[in-house]
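Structure first, commentary second.
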Amino acid sequence: MWGDSLLIVFISICTAFLGEGLTWILVYRTEKYQKLKVEVERQSKKLEKRKEAHGDSLDKQHKKKIEREEERLKNNNRDLSLVKMKSMFAIGFAFTALLSMFNSIFDGRVVAKLPFYPISWIQGLSHRNLPGDDYTDCSFIFLYILCTMSIRQNIQKLLGFAPSRAASKQGGALFGAPPAQFK
Amino acid sequence: MSTKSKSSDNVTKSNGNDSVWKRAFLPNAEWPDKEEFLDVIYWMRQAIGIVLGLCWGLLPLKGFLGLLLFVIVNAAVIYVYVNNFQSVDEEEYGGMWEITKEGFMTSFAGFLVTWIIMFTGLHSTSEL
């Protein structure tokens, strides 16, 4: 069982690197992306500073300026997500195929023992396709998702591909970078 | 690629001062760049998550108590580090909540993975 769980950690490290590598080839290294990223980051920081400086003032001129800049940032953010989108779709498809392959390999196999009793809405995931009623048995998909959540984001951050805090904060809910781990 | 440029940024920013690593372990260090400090908090969280996962797995701690203790210890360590060790003005970072949130989910996932794997390897075979 231990071998299986370590294998899953290894698989998710590999897929995280593979995913980041593919995204680098398709997106990160393109000039358009790099330009937009620098632009968005610069604007976000500028906007944040301006908001801090004039946060409480009700000056109409300042407000208008801030609004105009917000609009520009929004447009840039949209372009950025469009650039990302196409390749994300391609990678998403590839990963779904990979995931279903691993799923069938580990089908019905208990890969780990949970040290806690999962709450009911997690049981569907942690006990997926497993025989028996022992809900502390852990399925492949649950461990894989957990591994991906921690490993992928850390690798992104380590390689410097994660969006900066200012950009994701200013991007707001609409175009804020969604956590990419569940693809 | 961008890490390189980032680290060279750090070097120029902390010119005359110490490196980020050194400052992270120095009490009441100066943090001119907010991002740097938040990065320190982020990576500290990840380390805490993995260390606690290893400990809980070795002990072994089980059940809801393990999860609860992780959340408490994790938040407490960061709180003490920010308030007492570094004495940072939390308002500059958008309040204590923003600092508490920083990297929490990733650290929680890392903690769960190490806890589950240690527990599986050391304690589950005897029960099966």
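Sequence lines, in order, name chains A and B.
Counting from 4, one number per residue, gives the positions in the first sequence under this note's numbering.
Counting from 1455, one number per residue, gives the positions in the second sequence under this note's numbering.
Just so it is clear, CB atoms sit at the ideal spot from N, CA and C, and this is done for glycine as well.
All values reported here derive from a predicted model rather than from experimental measurement.
Residue i burial status per 10 Å Cβ neighbour count (16 or more: buried)
i, result
"Ala1478(B)", "buried"
"Ser1462(B)", "Residue confidence for Ser1462(B) is low, a pLDDT of 41 falling below 50, so the modelled location carries little weight; the figure read from the coordinates is stated next. Flag for Ser1462(B) reads exposed."
"Val1465(B)", "Confidence at Val1465(B) is low in this model, with a pLDDT of 39, below 50, so the placement of that residue should be treated as unreliable; the coordinate-derived value is given next. Under this definition Val1465(B) is an exposed residue."
"Ser1561(B)", "buried"
"Gln184(A)", "Per-residue confidence for Gln184(A) stands at a pLDDT of 38, beneath the threshold of 50, marking its modelled position as unreliable; the derived number appears in the next sentence. Buried, by the Cβ-count rule."
"Ala100(A)", "exposed"
"Ile1502(B)", "buried"
"Leu1519(B)", "exposed"
"Leu149(A)", "buried"
"Trp124(A)", "exposed"
"Met104(A)", "exposed"
"Arg71(A)", "exposed"
"Leu161(A)", "exposed"
"Ser129(A)", "buried"
"Lys66(A)", "exposed"
"Met88(A)", "exposed"
Minimum C-alpha distance to residue i - residue among the options
i, options, result
"Met4(A)", "Ile125(A), Leu50(A), Leu146(A) and Lys63(A)", "Leu146(A)"
"Lys1488(B)", "Tyr1547(B), Val1567(B), Phe1565(B) and Gly1564(B)", "Tyr1547(B)"
"Glu23(A)", "Phe13(A), Asp82(A), Ser90(A) and Phe119(A)", "Ser90(A)"
"Glu1556(B)", "Glu1484(B), Trp1485(B), Ile1495(B) and Glu1490(B)", "Ile1495(B)"
"Phe13(A)", "Lys54(A), Ser84(A), Gln159(A) and Thr151(A)", "Thr151(A)"
"Arg168(A)", "Asp137(A), Arg45(A), Arg81(A) and Glu34(A)", "Arg45(A)"
"Glu73(A)", "Phe96(A), Leu83(A) and Lys49(A)", "Lys49(A)"
"Arg131(A)", "Phe98(A), Ile144(A) and Glu55(A)", "Ile144(A)"
"Gly1511(B)", "Lys116(A), Ile158(A) and Asn79(A)", "Lys116(A)"
Nearest-angstrom beta carbon gap, residue j and residue i [assumed within contact, 8 Å]
i, j, result
"Trp1569(B)", "Gly1507(B)", "4 Å"
"Val43(A)", "Ala165(A)", "Actually they do not touch by this definition, with Cβ atoms about 13 Å apart."
"Ser153(A)", "Val1567(B)", "6 Å"
"Val114(A)", "Asp7(A)", "4 Å"
"Pro1481(B)", "Phe1539(B)", "5 Å"
Exercise. What alpha helix (DSSP H) runs, 4 residues minimum, are completely inside the segment 132-162 of chain A?
Worked result: 143-162
For this session: Identify each residue in the segment 94-124 of chain A for which the Cβ-Cβ distance to at least one residue of chain B is less than 7 Å, and report them in chain order.
Result: Ala115, Lys116, Leu117, Pro118, Phe119 and Tyr120
Exercise. Going along the chain, which residues of the segment 1507-1526 of chain B sit with their C-beta nearer than 8 Å to a C-beta in chain A?
Worked result: Trp1510, Gly1511, Pro1514, Leu1515, Lys1516, Gly1517, Phe1518, Gly1520 and Leu1521
Exercise. What residues in the segment 130-146 of chain A have a beta carbon less than 8 Å from any beta carbon of chain B?
Worked result: Cys141 and Leu146
Exercise. Residue ranges of each alpha helix (DSSP H) run of no fewer than 4 residues wholly in the segment 1504-1576 of chain B, ordered along the chain?
Worked result: 1517-1534, 1550-1555 and 1558-1573
Exercise. Which residues, in order along the segment 69-87 of chain A, keep a beta-carbon less than 9 Å from a beta-carbon of chain B?
Worked result: none
Exercise. Mind listing which residues of the segment 1481-1501 of chain B have their C-beta closer than 9 Å to chain A's C-betas, in chain order?
Worked result: Lys1488, Glu1489, Leu1492, Asp1493, Tyr1496, Trp1497 and Gln1500
For this session: Below 7 Å between beta carbons is the criterion; list the residues of the segment 21-39 of chain A that meet it against any residue of chain B, in chain order.
Result: none
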